[in-house]
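Chemist:
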Amino acid sequence: MKKQFLLITFLLFLFSFPTSFMAIEEAPKYFGINATVEKINQEEYVVKTKGEKKEEGFVYTLPGEFSSLQIQPSINLKGNGKYLIVIQETDARGTFINEKKMPIELTNDWKTFSVPYKMKSTTSQIDVKVLTPAKTKTELFIK
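See below:
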């Protein structure tokens with residue numbers, strides 16, 4: 022009888038535990054490439070490159086399957102200096118298919134950059150990278 026009482030008490034405690042105390046960890050949206058990515062506020066991130074080699078920066082993957090082969094990813098950026106936006110297409114197995122590079126220059130004002138890209142397949146994965154074209158330690162912001 023005591024065992025049943027302890028079991029019932031334990032189960033009641035377990036199922037009545039408020040879920041608001043449980044931490045919900047948000048999956049990172051941007052990943053650093055030889056750089057750190059820190060969330061500043063709800064919408065803004067700072068990327069700090071190490072300056073050890075060229076093509077440092079960050080990458081993010083466009084979500085879901087696509088309804089058209091013609092896409093135009095866009096991103097809001099600010100900072101100082103020259104960068105490359107790289108659209109990279111891979112298949113479901115991660116095999117490289119194609120990429121497109123577009124040079125950009127950032128200023129202290131927010132600017133939206135869009136890159137038209139024609140995919141080979143609507144089931145491809147599209148990664149968008151913003152990279153330094155030269156070996157340089159820098160800082161840029163994403164919104």
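For the sequence shown, our numbering begins at 22 and goes up steadily by one.
Just so it is clear, CB atoms sit at the ideal spot from N, CA and C, and this is done for glycine as well.
Treat the numbers as computed from the prediction; the structure is a model and nothing was measured.
1. Indicate the three-state DSSP secondary structure (helix, strand or coil) for residue 165 in the structure shown.
2. Would you kindly work out how many angstroms separate the C-alpha atoms of residue 58 and residue 163, rounded to a whole number?
3. Tell me whether residue 15 sits in a helix, a strand or coil according to DSSP, three-state version.
4. Ordered along the chain, which non-local residues of its own chain (more than five positions away) have a Cβ less than 8 Å from that of residue 112?
5. Beta-carbon within less than 7 Å of residue 134's beta-carbon, same chain only, minus the 5 sequence neighbours each way: which residues are those?
6. Measuring straight from C-alpha to C-alpha, what distance separates residue 139 and residue 120?
7. From the DSSP secondary-structure annotation, give me the bridge partner or partners of residue 148.
8. Can you tell me which of the three DSSP states residue 51 falls into?
Modeler: So, from the listed chains and residues:
1. Missing from the structure shown is residue 165; the chain here goes from 22 to 164 and no further.
2. 10 Å
3. Nothing about residue 15 can be read from this structure; the chain reaches only from 22 to 164.
4. 118, 142, 144, 145, 146
5. 95, 96, 98, 106, 125
6. 10 Å
7. 82, 109
8. coil
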